[in-house]
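J.:
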């Protein structure tokens, strides 16, 4: 295993090219710096690193590319979940003003939830998966889905404060148990 100093010496020749690659992928210098940082962290934490330089360089660029793909996928999931939640809220029979206000509040609260909470709410309460279907999809026991959905609903209710019980009960009615 390389020491931190030895890793930095080995990484240094590729830093500028990796940064350029990140800028080309992201189109944003700040995001590129964040991506480069994540790449350094991931590479430094790896136990098995290629020994020869061409393989080491290719490995670093593969890490960078995979991190970028992961970020794009996460953004896409967040966007889809937010849109699905927004669509579900728009179907509720209430006044336009309250739909807009509740939709905005729920969307904001939903975005603040952890990935696991957003995922389970999107599967069960929004997309209509049963607990067993969600468990099969996630590769976890049914009881885990039940506890996750309970914690996610509580977290969402906590974020929504006074309006939470009414909104959560409406959302709950749309999803099977």
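In my numbering, the protein residues as written are 1150 to 1326. Every residue gets a Cβ at the ideal spot worked out from N, C-alpha and C, and that includes glycine. Small disclaimer: the values here were computed from a predicted structure and weren't measured.
Apart from the five residues just before and just after residue 1267, which ones in its own chain have a Cβ nearer than 7 Å to its Cβ?
T.: One-based indexing of the chain shown puts residue 1267 at position 118. So the list reads 1230 and 1259, once near-sequence residues are dropped.
J.: When you compare the segment 1171–1184 with the segment 1196–1208, are there three or more beta-carbon pairs, one atom per stretch, that lie closer than 8 Å?
T.: Counting Cβ pairs under 8 Å, fewer than three are found: no touch.
J.: Taking 7 Å as the line, does the beta carbon of residue 1295 fall inside it for any heavy atom of the ligand PLP?
T.: No copy of the ligand PLP appears in this structure; indeed no ligand is present at all.
J.: In this structure, how does DSSP classify residue 1307 when only helix, strand and coil are distinguished?
T.: Taking the first residue of the chain shown as 1, we reach residue 1307 at position 158. Here residue 1307 sits in helix by DSSP.
J.: Fully enclosed by the segment 1196–1283, which beta strand (DSSP E) runs are 3 residues long or longer?
T.: The qualifying runs do not exist here; there are none.
J.: Please give the ranges of any alpha helix (DSSP H) in the segment 1158–1203, keeping only runs that are unbroken, at least 4 residues long and fully inside the region.
T.: Taking only runs of at least 4 residues, the alpha helix (DSSP H) segments lying wholly in the segment 1158–1203 are 1178–1194.
J.: Quick one: Cα of residue 1178 to Cα of residue 1232, how far?
T.: Mapped onto the chain shown, residue 1178 falls at position 29. Mapped onto the chain shown, residue 1232 falls at position 83. One C-alpha to the other measures close to 28 Å.
J.: For a test of the three-state rule: what should DSSP assign to residue 1288, helix, strand or coil?
T.: As a first step, residue 1288 is located in the chain shown; it is residue number 139 there, counting from the start. Looking at residue 1288 - three-state DSSP - the assignment turns out to be coil, as it is neither helix nor strand.
J.: Can you tell me whether residue 1218 is buried or exposed, with buried defined as 16 or more other CB within 10 angstroms of its CB?
T.: The residue labelled residue 1218 in the question sits at position 69 within the chain shown. So residue 1218 counts as exposed.
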